[in-house]
Amino acid sequence: MASDELLAHVVSMKYQYAMFLYRMESYFSMMDVNLSRQTLSN
Numbered sequence: 001m002a003s004d005e006l007l008a009h010v011v012s013m014k015y016q017y018a019m020f021l022y023r024m025e026s027y028f029s030m031m032d033v034n035l036s037r038q039t040l041s042n
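Here it is in C-alpha cells:
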C-alpha cells in the first residue's frame, strides 16, 4: 500500500506540474521505485 507522502507526490506531479504518467513512471524507476502507469492512474 502506498504511503500518504507518495500519493501526495504523485498527485502534485500530475496536477501541479502537468507531468504525464509515462514520465512519472520513468522518474520513479530512476529511484528504483517500480510503479506502473496503471498504478499511478488509480
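Mapping of the sequence shown onto the UniProt record's numbering: residues 1 to 42, in sequence order.
Ideal Cβ placement from N, Cα and C applies to all residues, glycine included.
Here R37 has L21, Y22 and E25 as same chain residues with Cβ atoms under 7 Å from its own Cβ, once five neighbours each way along the sequence are excluded. The Cβ atoms of V11 and L40 lie no closer than 7 Å to each other. For L7 and N42, the gap between their C-alpha atoms comes out near 10 Å. For A8, the secondary structure class from DSSP, reduced to helix, strand or coil, is helix.
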